[in-house]
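Its first residue numbered -2, the sequence shown is counted upward by one per residue in this note's numbering. The beta carbon of each residue, even a glycine, is placed where N, CA and C say it ideally should be. The next block holds one structure in the form of structure tokens; read it before the comments.
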Amino acid sequence: MKNKKNRKAVFLDRDGVVIREVDYLSRPSQLRFLPGAAAALRKLNRAGFAVIVVTNQAAIAKGLLTEDKLRRIHDFFLDRLAKKGGRVDAVYYCPHHPEGKIAEYKKKCFCRKPQPGMLLRAVRELGLKSRGSFMIGDTTGDILAGSRAGLTTILVETGHKGKDGKYAAQPDITVKNLSEAVRVIRSGLKA
């Protein structure tokens, strides 16, 4: 990522926001971009936002995926996105789950959404600004994590559409998809 301190960012959940929702995606061949997602990310790149993916990956804790395989999936994701002219500046993931089968990953943690750990870590490590930054997600956990990190939250009606019912979290804005979220961000939040 370009070393631009105090840059505004757009944080994105991966599954259901940028790519199609698949239960425990475990192979690059399962990865499919949602319509318009790559073009939306290109627009964020051109607008100067840092684009950061933050994703819970309970499949690791549950023994369905290794961190090495996840890195290969993310490398494939980033390569495919680059071929479509888009860029993600960083990918943060949480491998933990309190009901995991793999001992080292079986725990409650501060990084698993709805906790804001991944977002706050990215802000700190990459020198980003929380104020004026956004979290785009499709679940109440995404929205709650963004809110806890002090970000403007945008719920997209793709993936889970915020109907997972896990948390009482209200987004600042609700839009149809990632393309519309980017349009709203670029227009200065005039939904």
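One alpha carbon belongs to R180, the other to A100, and they sit about 43 Å apart.
Annotation for N42: the continuous alpha helix (DSSP H) segment containing it runs A34 to R43. The residues V7 and F131, in chain order, have a CB closer than 7 Å to that of I182 in the same chain once the five nearest residues on each side in sequence are set aside. With respect to the C-alpha of L123, the residue from Y89, F107 and L75 having the closest C-alpha is Y89. Counting along the chain, A119 sits inside the alpha helix (DSSP H) bounded by residues G114 to L123.
Exclusion of the five residues before and after R145 leaves P113 as the residues of its chain whose Cβ lies within less than 6 Å of its Cβ. G147 is a Cβ neighbour of S127, given a cutoff of 9 Å. For R24, the three-state secondary structure derived from DSSP is coil.
Collapsing the DSSP output to three states places L148 in coil.
Taking N174 as reference, the option from N3, K5 and R17 with the minimal CA-CA separation is R17. According to the DSSP assignment, I16 belongs to no alpha helix (DSSP H), since it is labelled neither H nor E. By the criterion of a C-beta distance shorter than 6 Å, G97 is surrounded in its chain by A58, K59 and K103, once the five residues flanking it on both sides are discounted. By the Cβ-count criterion, R11 is buried, with 16 or more other Cβ atoms from all chains shown falling within 10 Å of its own Cβ.
It is roughly 21 Å from the alpha-carbon of L116 to the alpha-carbon of R39.
Every beta strand (DSSP E) of 3 residues or more that sits fully in the segment 70 to 106 is shown, in chain order, as 87 to 91. When the five nearest sequence neighbours on each side are left out, the beta carbons in the same chain lying within less than 7 Å of the beta carbon of G13 are those of D135, T155, G156 and H157, in order along the chain. Judged by beta-carbon spacing, D86 lies within the 9 Å limit of V48, meaning their Cβ atoms are closer than that value. With respect to the C-alpha of A56, the residue from F74, A34, K81 and D20 having the closest C-alpha is D20.
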